[in-house]
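According to numbering that gives the first Met the number 0, the sequence shown is numbered sequentially starting from 0. Backbone N, C-alpha and C fix where the C-beta goes; we use that ideal spot for every residue, glycine too. Okay, so here's the structure we're looking at.
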Amino acid sequence: MDDPSEDEPLFDPRITSYNWLAGVLGGALTFVAGYLAMVVVVLVPDGPPEGAAVQDVLSEIGRVFYAAHNVALDVRTLTNSVSIIDGDYLSEVNGTIDFSNMRENETVIIDTERPQVLSIPGEVNPDLIYQIDLGRIQQPIQHAQEKPELLYYLLPVVALVAAGAVLAALTLGETASIHEAVLPAIGLSAGYTAAAMAGTVLVGRELADGAIMVAPSLVQTVVFALAYSLLCGLVGGYLIGFWRDREMSLRASLGR
């Protein structure tokens, strides 16, 4: 006698029949749409700073978009001869730094909010000494003065909930179980996370003549993009499910 279990599919037909391509593409498009929405939030109504290069402005907005997902902006050294000095130390020594141990062609970056006049020995190349406010660059939302911080953090949440709802409405049948909302949420999260990972290489900013770069943490990008898109996508999908259930109940009651 044949074993009936041998005829059962390995995966639930609801999983294998789902339009995963639409979900993944929807996730990638949601990331792009969210970024474009952030461009509008940042630039309206004042526009970009006068004289700023378009590429630099778009890159800066990209870092704001990642920060809105709570992704840290890391400082990475691009050369072996780089030293970063805390600005508090600069205040303690009244701008007098011991450069005797400085390596040849070493770049020194002083992380400070208030640049000071430095005592630089004649044998040290002053063009290799930089005073940069790294904290301001790494925390662009906290230093945004024009608009409420909450606006920046809400943008990706709203975009993802809306995307989850649209995907559920377009890819799930009218009679689908409310719990099938997890399917578009998974597809959404896959595409969104992939797009976020690719975007990290596009929004980095080189400083100190290419000695360091400020860019989103790749590990945190994966973690937060996946978490945001999956959870918000589920919320959007479940909202559509609840709405459809309510509509079906109303139709059933009216048909009696």
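Under the three-state DSSP convention, the category residue i falls into
i, result
"S216", "coil"
"A130", "The question names Ala, but residue 130 in the sequence shown is Gln. Looking at Q130 - three-state DSSP - the assignment turns out to be strand."
"T192", "helix"
"M102", "Contrary to the premise, residue 102 reads as Arg rather than Met in this sequence. Of the three classes helix, strand and coil, the one that applies to R102 here is coil, per DSSP."
"L117", "coil"
"D73", "strand"
"M0", "Low confidence applies to M0: its pLDDT is 45, below 50, so where it sits in the model is not reliable, and the reading given next is rough at best. It is coil, neither helix nor strand."
"E205", "strand"
"S16", "coil"
"Q141", "coil"
"E173", "coil"
"P183", "helix"
"A197", "helix"
"G232", "helix"
"P48", "coil"
"E122", "coil"
"A168", "helix"
"P147", "coil"
"A226", "helix"
"A158", "helix"
"A67", "coil"
"V43", "coil"
"L249", "helix"
One or two residues paired with residue i in a DSSP bridge
i, result
"I109", "I84, Q130"
"I211", "T76, L206"
Buried or exposed by the 16-neighbour rule on C-beta atoms within 10 Å, applied to residue i
i, result
"A67", "buried"
"G61", "buried"
"V39", "exposed"
"L201", "exposed"
"R245", "exposed"
"F241", "exposed"
"E179", "buried"
"L187", "buried"
"L253", "exposed"
"M0", "Reliability of the predicted coordinates at M0 is poor, the pLDDT of 45 falling under 50, and the value obtained from them is presented with this limitation in mind. It counts as exposed."
"A134", "For the record, residue 134 in the displayed sequence is Gly; it is not Ala. Its Cβ having fewer than 16 others within 10 Å, G134 is exposed."
"D110", "buried"
"V70", "buried"
"P215", "buried"
"A52", "exposed"
"E220", "Here residue 220 is Thr; the residue named in the question, Glu, does not match the sequence. Buried is the call here."
"L153", "exposed"
Whole-Å CB distance - residue i paired with residue j, under 8 Å assumed
i, j, result
"G235", "V160", "4 Å"
"L72", "Q137", "4 Å"
"L127", "E148", "Their Cβ separation, rounded to whole angstroms, is 36 Å, which puts L127 and E148 out of contact at 8 Å."
"L229", "A184", "6 Å"
"V41", "S82", "Between S82 and V41 the Cβ distance is about 33 Å, and since that is not below 8 Å, they are no contact."
"T199", "L217", "6 Å"
"C231", "V156", "6 Å"
"A195", "A32", "Not a contact, Cβ separation roughly 13 Å."
"R102", "S80", "6 Å"
"V63", "I140", "6 Å"
Any non-hydrogen atom of the ligand HEM closer than 7 Å to residue i Cβ
i, result
"I211", "Of the ligands one can find in the structure shown there are none, so the ligand HEM has no counterpart to examine."
**Message:** Any contact between the segment 41 to 48 and the segment 197 to 212? By contact I mean 3 or more CB pairs, one from each, below 8 Å.
**Reply:** no
**Asked** Taking contact to mean at least 3 C-beta pairs separated by less than 8 Å, is the segment 20 to 38 in contact with the segment 185 to 195?
**Response** yes
**Request:** Kindly confirm or deny that the segment 152 to 171 and the segment 76 to 87 touch, where touching means at least three C-beta pairs closer than 8 Å.
**Result:** no
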